[in-house]
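Working notes for the structure below.
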């Protein structure tokens, strides 16, 4: 008689344990999927908030040989702000020039804001611009025109120069440009 009660009780207990294990496994799997989906959503949201920029135009205005293989390179760069936030902390932005030497090596020069380069104006519409000093920010959808100069030793003037701009938000844009007098 006791086996008639114990055996069905053990079977019911075993079924409950299996059901509980399946339920816990399903919950764990669902939590893992939810965590992955939330992580992907947060990453895509963060990417969409990045202040994307592009270099709309870059020009070498002039290259002057100052002697002993040292050149002074003058340039103009138009930076288009495609992101949702204005670029205003220019002292936190980086402007880098890369150039080839006559030996074929690549040299890199980091330019200082206020010393080697400045934002000259902000283009609001095709032929309408305001001086950067009147409103020191490149807003969303606007183009900032940067003028600058750097000295380069042993530069190969026949090869292009790469201008790299990094915004205060860490987004980088680059463009190769060649000097053509």
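In the working numbering, the protein residues as written are -1 to 179.
No residue lacks a Cβ here, since even glycine has one placed at the ideal position from N, Cα and C.
(request) Write down every uninterrupted run of the beta strand (DSSP E) in the segment 108 to 145 whose length is 3 residues or greater and which is fully enclosed by it, in chain order. (result) Taking only runs of at least 3 residues, the beta strand (DSSP E) segments lying wholly in the segment 108 to 145 are 115 to 123 and 126 to 129.
(request) Run the CB neighbour count on residue 69, radius 10 Å, all protein chains shown included, and call it buried at 16 or more, exposed below. (result) Indexing the chain shown from 1 puts residue 69 at position 71. Residue burial is scored here from C-beta neighbours: residue 69 has at least 16 other C-beta atoms within 10 angstroms and is therefore classed as buried.
(request) Apply the 10 Å Cβ neighbour rule to residue 55 and answer buried if 16 or more other Cβ atoms are within range, or exposed otherwise. (result) Indexing the chain shown from 1 puts residue 55 at position 57. Flag for residue 55 reads exposed.
(message) If contact is defined by three or more beta carbon pairs under 8 Å, each pair taking one atom from either stretch, is the segment 108 to 115 in contact with the segment 87 to 97?
(response) As far as the Cβ criterion goes, the segment 87 to 97 touches the segment 108 to 115, which means the pair count is three or higher.
(message) Run through the DSSP bridge pairs and tell me what residue 62 is partnered with.
(response) Against the chain shown, residue 62 aligns to sequence position 64. Answer is 70, bridged to residue 62.
(request) Take the Cβ of residue 93 as the centre, count every other Cβ of all protein chains shown within 10 Å, and call the residue buried at 16 or more, exposed below. (result) Against the chain shown, residue 93 aligns to sequence position 95. Residue 93 is buried by the Cβ-count criterion.
(message) Quick check: what's the CA-CA separation for residue 26 versus residue 33?
(response) Numbered from its first residue, the chain shown carries residue 26 at position 28. Numbered from its first residue, the chain shown carries residue 33 at position 35. Computed Cα separation, rounded: 10 Å.
(request) Could you work out which residue in 160, 147, 15 and 133 is closest to residue 99 when comparing CA atoms only? (result) Position 101 of the chain shown, counting from 1, holds the residue named residue 99. Here the closest residue by C-alpha is 160.
(request) Mind the definition here: the segment 163 to 178 touches the segment 50 to 65 only if three or more C-beta pairs lie below 8 Å; say whether that holds. (result) Segments in contact, yes.
(request) Would you tell me roughly how many angstroms separate the C-alpha atoms of residue 75 and residue 65, rounded to the nearest one? (result) Counting from 1 along the chain shown, the entry for residue 75 is found at position 77. Counting from 1 along the chain shown, the entry for residue 65 is found at position 67. Rounded to the nearest whole angstrom, the C-alpha separation of residue 75 and residue 65 is 26 Å.
(request) Consult DSSP for residue 16 and reduce its assignment to one of helix, strand or coil. (result) In the chain shown, the residue the question calls residue 16 occupies position 18. In the three-state scheme derived from DSSP, where H, G and I count as helix and E and B as strand, residue 16 is classed as helix.
(request) Per DSSP, which residues does residue 97 bridge with? Please list them. (result) On the chain shown, position 99 is the one that residue 97 refers to. Bridge partners of residue 97: 105.
(message) Can you look up residue 165 in the DSSP assignment and give me helix, strand or coil?
(response) For the purposes of this step, residue 165 is taken as the residue at position 167 of the chain shown. In the three-state scheme derived from DSSP, where H, G and I count as helix and E and B as strand, residue 165 is classed as coil.
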